[in-house]
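In this note's numbering, the protein residues as written are 181 to 443.
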């Protein structure tokens, strides 16, 4: 599906570029006005913490916005229509009133999880990571629910949890495999970058790092696009039980249905 409609891969690129800009702006703000003291005695101030939180929320909004556009574009393709960047962004714009509150929730939760993980010990980090993974699972369908059912953030969150529990939530991590796909796709890039860093010759190091970086970017774009398509297809299957045409060769009932209890 991604091969037949490359338009869908545009949204992760836009998201990455915009998020990088947000990151650069807020890092600059924190560096310039977010610290008290100097040298080894420097510590982040209350203003700096506020800037970091706002940065998390803005970054979350940027990612949420382009994820919504990707989901809307994927839905067009799944229904046999041609997806366009302009139309997908227009549809995402019509949902800004509900996407923004969800971005605030998502950004706040991400900040809290990151803050706790930084302070926690080894065992605590494992626990917090599991909580973060659980949050990702529960919120997996939130964006499709917001843009298709026009629900607010809390109603969409509850609805997402209900759909996951009643259909294929028990198997989403095992059956999804997107994280594994991303890791495998990124390995060549990581290896090239490591070889470049270890090389003592710039003539060798620079090309290796550039090629490795490009591989990581392509892998990220492809996996992000696959995630949006996958999320949209699973939402539609979870809601009406119909397998989208593009997934007709896949037994979604077996792949994503609830696990049968063992006798």
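Backbone N, C-alpha and C fix where the C-beta goes; we use that ideal spot for every residue, glycine too.
I'd like to check one pair, residue j with residue i: are the Cβ atoms closer than 7 angstroms?
i           : j           : result
residue 227 : residue 214 : yes
residue 188 : residue 254 : yes
residue 285 : residue 297 : no
residue 252 : residue 268 : yes
residue 391 : residue 363 : no
residue 277 : residue 237 : no
residue 246 : residue 191 : yes
residue 243 : residue 212 : no
residue 408 : residue 279 : no
residue 263 : residue 199 : no
residue 358 : residue 403 : yes
Span of the alpha helix (DSSP H) holding residue i?
i           : result
residue 259 : Run containing residue 259: none; DSSP gives neither H nor E here.
residue 294 : 276-299
residue 393 : 382-420
residue 302 : 302-318
residue 357 : Careful: residue 357 lies outside any alpha helix (DSSP H) and carries neither H nor E.
residue 322 : 322-329
Among the candidates the options, whose CA atom is the shortest distance from the CA of residue i?
i           : options               : result
residue 281 : 305, 201, 320 and 241 : 241
residue 400 : 365, 306, 286 and 386 : 365
residue 361 : 389, 262, 396 and 201 : 396
residue 204 : 232, 357, 216 and 416 : 232
residue 461 : 202, 266, 421 and 300 : Because the chain here runs from 181 to 443, residue 461 falls outside it and cannot be looked at.
residue 312 : 367, 405, 294 and 299 : 294
residue 202 : 229, 235, 306 and 210 : 235
residue 331 : 306, 299 and 275      : 275
Which residue or residues does DSSP assign as beta-bridge partners of residue i?
i           : result
residue 223 : 216
With a threshold of 6 angstroms, establish whether the CB of residue i neighbours any heavy atom of the ligand PLP.
i           : result
residue 381 : Ligands in the displayed structure: none, and consequently the ligand PLP is not present.
If you pair each beta-carbon of the region 335-346 with each one of the region 311-320, do three or more pairs fall below 8 angstroms? yes
Contact the region 259-279 vs the region 322-331: 3+ CB pairs below 8 angstroms: yes
If contact is defined by three or more beta carbon pairs under 8 angstroms, each pair taking one atom from either stretch, is the region 374-385 in contact with the region 412-420? no
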